[in-house]
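Undergrad: Numbering (the working numbering), first residue to last: 0 to 185.
Backbone N, C-alpha and C define an ideal beta-carbon position, used for all residues, glycine too.
On a predicted model such as this, the values are computed, not experimentally measured, just so you know.
The structure is given below, and queries will be raised subsequently.
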Amino acid sequence: MNDIWVLSVKTSLPGKFFNSNDATTIFTAFDSFEKGRAAMRAELKKYAFSRNAMFDGNGKINRLSQYIITMDDEEAEQDDEVLTKEILSAIEESLKLIFEGNDISLEALDEGYYHDWLIYMEFFGIGFAMGAHNDSDQNNTYNPDINTNMFSMQEEKDYYMYIKDSFGQNDDPAVLFMDLKKVSVN
């Protein structure tokens with residue numbers, strides 16, 4: 000058995016995702032983890048640092064940035080689990096560093112679950128997940144999906160970056176789903 004690393008990239012970029020016909024999927028195989036990791040980072044950087052339906056061309060997710068701007072931090076003093084501008088801005092900056100191809104320290108981010116009644120963010124040490132909050136009555140428009148374990152890609156293991164930018168702007172999202180997986184072949 001030989002091991003290879005397969006990079007899959009499914010995206011609607013540079014456009015939006017209206018239906019499954021708007022997304023393309025590309026698979027690429029590499030004979031080493033290092034080559035696969037370099038290719039994954041290069042693909043991610045290519046999308047994040049070009050203007051398209053998801054990114055501003057400077058490594059930030061347009062709709063996430065807009066969401067942060069409109070956040071109200073009044074509830075933050077009442078509940079430790081409230082997702083604040085400060086927490087979400089730290090995640091946004093961390094994502095930008097990942098998009099640049101960096102391994103980052105997670106010391107500035109506290110593990111835990113945070114929400115603002117529309118979305119939640121859960122940081123679990125090696126990655127984080129963001130999605131629609133269960134108690135939200137607006138799941139039809141506030142239904143982002145950002146999941147990754149790419150904070151540090153030093154360890155030889157499977158990695159992923161999933162982004163669907165539905166932050167309530169009442170418009171079709173863009174999608175970018177990337178996986179780097181080890182596969183054994185005969």
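Under 8 angstroms by Cβ, that's how I've got P172 and F16 pegged, so tell me the actual separation to the nearest angstrom.
TA: Counting from 1 along the sequence shown, the entry for residue 172 is found at position 173. Counting from 1 along the sequence shown, the entry for residue 16 is found at position 17. Right, their Cβ atoms sit about 6 angstroms apart.
Undergrad: CB G56 to CB R62, shorter than 8 angstroms?
TA: Numbered from 1 along the sequence shown, position 57 holds the residue referred to as residue 56. Numbered from 1 along the sequence shown, position 63 holds the residue referred to as residue 62. Cβ distance not < 8 angstroms, so G56 and R62 don't count as in contact.
Undergrad: Just the C-alpha distance for G130 and I145, rounded to the nearest angstrom, thanks.
TA: Translated into positions along the sequence shown, residue 130 becomes position 131. Translated into positions along the sequence shown, residue 145 becomes position 146. Near 7 angstroms, if we compare the C-alpha coordinates of I145 and G130.
Undergrad: CB M70 to CB L175, shorter than 8 angstroms?
TA: The count along the sequence shown starts at 1 and reaches residue 70 at position 71. The count along the sequence shown starts at 1 and reaches residue 175 at position 176. Against a cut-off of 8 angstroms, the Cβ pair of L175 and M70 comes out as no contact.
Undergrad: Distance check for E80 and L179, CA to CA, integer angstroms please.
TA: Position 180 of the sequence shown, counted from the start, is the residue given in the question as residue 179. Position 81 of the sequence shown, counted from the start, is the residue given in the question as residue 80. About 32 angstroms.
Undergrad: So, at 6 angstroms on beta carbons, what are the nonlocal neighbours of S151 in its own chain, with the 5 sequence-adjacent residues on each side left out?
TA: For the purposes of this step, residue 151 is identified with residue 152 of the sequence shown, where counting begins at 1. Taken in chain order, the residues that qualify are D102.
Undergrad: Cutting at 7 angstroms between CB atoms, please list the residues of its own chain near K44, excluding the five before and the five after it.
TA: On the sequence shown, residue 44 is found 45 positions in, with the first residue counted as 1. Here the set comprises F98, E99, G100.
Undergrad: Sort out for me which residues DSSP pairs D55 with in a bridge.
TA: Position 56 of the sequence shown, counted from the start, is the residue given in the question as residue 55. BP columns for D55 point to R50.
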